[in-house]
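Quick note, the sequences are listed as chains F and V, same order.
Using this note's numbering, the first residue of the first sequence is number 7, and each one after it goes up by one.
Using this note's numbering, the first residue of the second sequence is number 2, and each one after it goes up by one.
Cβ coordinates follow ideal geometry from the N, Cα and C atoms, glycine included.
Note that this is a predicted model, so its numbers are computed, not measured.
Here's the structure we're looking at; comments come further down.
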Amino acid sequence: MLIVKERGVKKMSILMVTIIVLVLYLLFMLWIGNYAASKSTGKTEADYFVTSWKTSWIGVSFSIAATFASGAYVLGTIGVFYGNPAALTGYAFGTTFAPFLLWILGRRIWAIGRKYGYSTFTDLIGDFYQSEKLRVVVSILICIFFAPYLAVNFMAPAILTTQVSGGAIPFWVSCLVFGVITTIYTWRAGMRGVIWTDIAQTSIMIVGFAIIIPLMFGVAGGWETVWQKLPEKIATYKPGGGSFWIVLSWFWIVGFMQTGNPDRAFRLLVAKDLGQIRKGCLASLALLTIWTVVGFSLGWSLAVVVPGVAKTDLAFGEAVSKFMPYMMPVLMVVVWAGGMSTLDSGMIAISAMLTKDVYRRNINPQATDEKVYKVGQGITIVLGVFAFVLALLNLKTLWFFVGAGAAVAMQWTPSIIAALYWKRATTAGAWSGILSGIGITALFYYVIKCPIPGPGGAAIIGMVVNVLALILVSSATRPLDEKHVAKYQGIFR
Amino acid sequence: MQKNPWKTVTWVVEIVFLFLALTAPLNPILTTKVSVFAWCFTMIGLGCIGVLLAALKGYPPEDFSLKD
């Protein structure tokens, strides 16, 4: 009886410490957001959405890394590393390939964006392909499919908070606190606030993992025990090439996500100069590799510490609460940091597309810069409320939304590459490529079971159809005016 | 303008990386957990070399400037 009571008191005090640490973390984020807002150089669209092109390589890389490591990564992806680490070698290959693509595409995207004052990729698509309709339709489609991804970021921290508090803190309360704080600093400070908080959140996550991982290995009995006990069944490929498609699927979603997802890809537009983009890509390589190493380390050790957890999203939380409950405050802050860093980036990216592509270009072309700035702030708040409501529905597993958002969003990539490198690309080609890519991907994600397993399966099929449609239709239709194409592809020495 | 030979090296390394990495599940020698992860981390190393070549040698910012 006494032991049970003591355990209850201990559990209560851990919960109290967790809440206090979390509150301190949230206050810190608000302070950073406020400080970032005070550094604003004026109420202009360029300042709100692209920091007036003043971001250094630290901002570019830490922001890409923080946005990639969402709350769903900390619980959902690490859950997959736990369930099938062999398949996640594809994830590792993707994180190594992504910075290559970031640099190869990013240098041209940055240069064109800087020359013509772009703050979104749809600026490039609409201008290069000379189609206002294409700009708006692509913006709206990407926003529609990407919006559920915003809600995922509420779900992971709220699920963990409810799990840890034994239901004392309801799911909706966590969602509300999480959404309000993130929306406040994003609304106040725009992209600058997002990037500055991302730097802090990446640092917090790295330190948190650096503390938790050695302790987890200790609980498991040390490195050698982990390696000995790690089941061959989950740590080797299926015989006869049976793991090929799942590895390819993970590679695809992770590799193309960094240049495809608007929440992180727009960082290519905010840098001070090309040197900062280059350093940013190299630092992204280091940071994304850290996320891979974290994933494998935790996946392997969790497979030994808490084997056989059916709902893999819960494995990490279960291991911490069972074997090292004193680490719960650290895990909690790591999960909240991951969730907030991805939510803020998603909100500012979608806000940029709706504000610039829809409002400024099509609803109120005469709007002043200050008016656009205020509309951008308003849309950020609306997005925060929308994602909060969607999160309350608490649908399906976490990875579904992350995968679905990324799979659809990356379908503008072939048309962007064509705008940067292919003189023969045409407006009709871009229309057919993007629409068929999004349509096929959505079909296999939401309606029909995809024949290729894993989160990137639908995106692979969508992208193949997309590229074929782009090439075939472009080849069959009238090319764009040479002088116009030269304004984009001919501006480089 | 002189062609930068490092561009070819960059793409060769990147294509070799992609081929060896993505065909890992078909590779008959990768049958144990040691071999799977040793290969995986070797591929990460090769991929990193590809990124470094692209950013520092093949496509450095110095070779890239806007026409006025």
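**Report entry** Positions along the stretch 14 to 45 of chain V whose CB lies within less than 9 Å of some CB in chain F
**Finding:** E15, F18, L19, A22, L23, T24, A25, P26, L27, N28, L31, T32, T33, K34, V35, S36, V37, F38, W40, C41, F42, M44, I45
Query raised in the report: Buried or exposed: where does I16 (chain V) fall if 16 or more other Cβ atoms within 10 Å of its Cβ makes it buried?
Result: exposed
Report task. Inspect the CB distances between the stretch 437 to 447 of chain F and the stretch 170 to 190 of chain F and report whether three or more fall short of 8 Å. Result -> no
**Report entry** Residues that T61 (chain F) bridges to, as DSSP identifies them
**Finding:** F:A277
Query raised in the report: Between V52 (chain V) and chain F, is there a C-beta pair that is closer than 9 Å?
Result: yes
Query raised in the report: Residues in the stretch 232 to 253 of chain F with C-beta within 7 Å of chain V's C-beta atoms, listed in sequence order?
Result: L236, E238, A241, T242, Y243, G247, S249, F250, V253
Query raised in the report: Can you list, in chain order, the residues of its chain whose CB lies under 6 Å from that of Y135 (chain F), leaving out five sequence neighbours each side?
Result: T433, A436
Report task. Determine whether the Cβ of A271 (chain F) lies closer than 9 Å to any Cβ atom of chain V. Result -> no
Query raised in the report: Using 8 Å as the Cβ pair cut-off and three pairs as the minimum, do the stretch 454 to 474 of chain F and the stretch 404 to 418 of chain F touch?
Result: yes
Report task. Anything in chain V within Cβ reach of W109 (chain F), meaning under 9 Å, just list it in chain order. Result -> V52, A55, A56, Y60
Query - Nonlocal neighbours in the same chain, by C-beta distance under 7 Å from E324 (chain F), ignoring five residues either side - result: V312, V315
Query raised in the report: Is the CB-CB distance between A241 (chain F) and W306 (chain F) below 9 Å?
Result: yes
Query - Between the CA atoms of F406 (chain F) and P26 (chain V) - distance to the nearest angstrom - result: 24 Å
**Report entry** Interface flag, T95 (chain F) vs chain V, CB-CB below 9 Å
**Finding:** yes
Query raised in the report: Is F87 (chain F) closer than 9 Å to G409 (chain F) when the C-beta atoms are compared?
Result: no
Query raised in the report: Can L294 (chain F) and T102 (chain F) be called in contact, C-beta distance under 9 Å?
Result: yes
**Report entry** Span separating the alpha-carbon of L476 (chain F) from that of S137 (chain F)
**Finding:** 16 Å
Query raised in the report: Just checking my contact of K121 (chain F) with I423 (chain F) at CB under 8 Å: how many whole Å lie between their CB atoms?
Result: Not a contact, Cβ separation roughly 18 Å.
Query - Proximity of T50 (chain F) and K60 (chain F) at Cβ, strictly below 9 Å - result: no
Query raised in the report: Taking just the CA atoms, how far does R484 (chain F) sit from K493 (chain F)?
Result: 18 Å
Query raised in the report: Taking buried to mean at least 16 other C-beta atoms within 10 Å of its own C-beta, is G48 (chain V) buried or exposed?
Result: buried
Query raised in the report: Can you find a CB in chain V that lies within less than 9 Å of the CB of G119 (chain F)?
Result: no
Query raised in the report: Who are the neighbours of G281 (chain F) on chain V, taking C-beta pairs under 7 Å?
Result: P62
Report task. Using a cut-off of 9 Å between C-beta atoms, extract the partners of F103 (chain F) located in chain V. Result -> E15, F18, L19, A22, G48, G51, V52
Query - Rounded C-alpha distance that separates L21 (chain F) from K328 (chain F) - result: 14 Å
Query raised in the report: What do you get for P176 (chain F), buried or exposed, if any count of 16 or more other CB atoms within 10 angstroms of its CB means buried?
Result: exposed
Query raised in the report: Hey, quick one: how far does the alpha helix (DSSP H) through K328 (chain F) stretch, first residue to last?
Result: 321 to 329
Report task. Rounded to whole angstroms, what's the CA-CA distance from G132 (chain F) to L236 (chain F)? Just pull it up for me. Result -> 51 Å
Query raised in the report: Tell me which same chain residues have a C-beta within less than 7 Å of the C-beta of V491 (chain F), skipping the five on either side of it?
Result: K429
Query - V253 (chain F) and L54 (chain V) closer than 9 Å at C-beta - result: no
Report task. Could you check the C-alpha separation between Q169 (chain F) and W342 (chain F) for me, to the nearest Å? Result -> 14 Å
**Report entry** Contact list for the stretch 437 to 466 of chain F against chain V, Cβ threshold 7 Å
**Finding:** none
Query raised in the report: Does the beta carbon of T298 (chain F) come closer than 9 Å to any beta carbon on chain V?
Result: yes
Report task. Determine the contact status of V276 (chain F) and M197 (chain F), defining contact as a CB-CB distance below 9 Å. Result -> yes
Requested in this report: Quick one: list the residues of chain A neighbouring F257 (chain F), beta-carbon separation under 7 Å, in chain order.
Outcome: The chain inventory of the structure shown lacks chain A, comprising the protein chains F and V.
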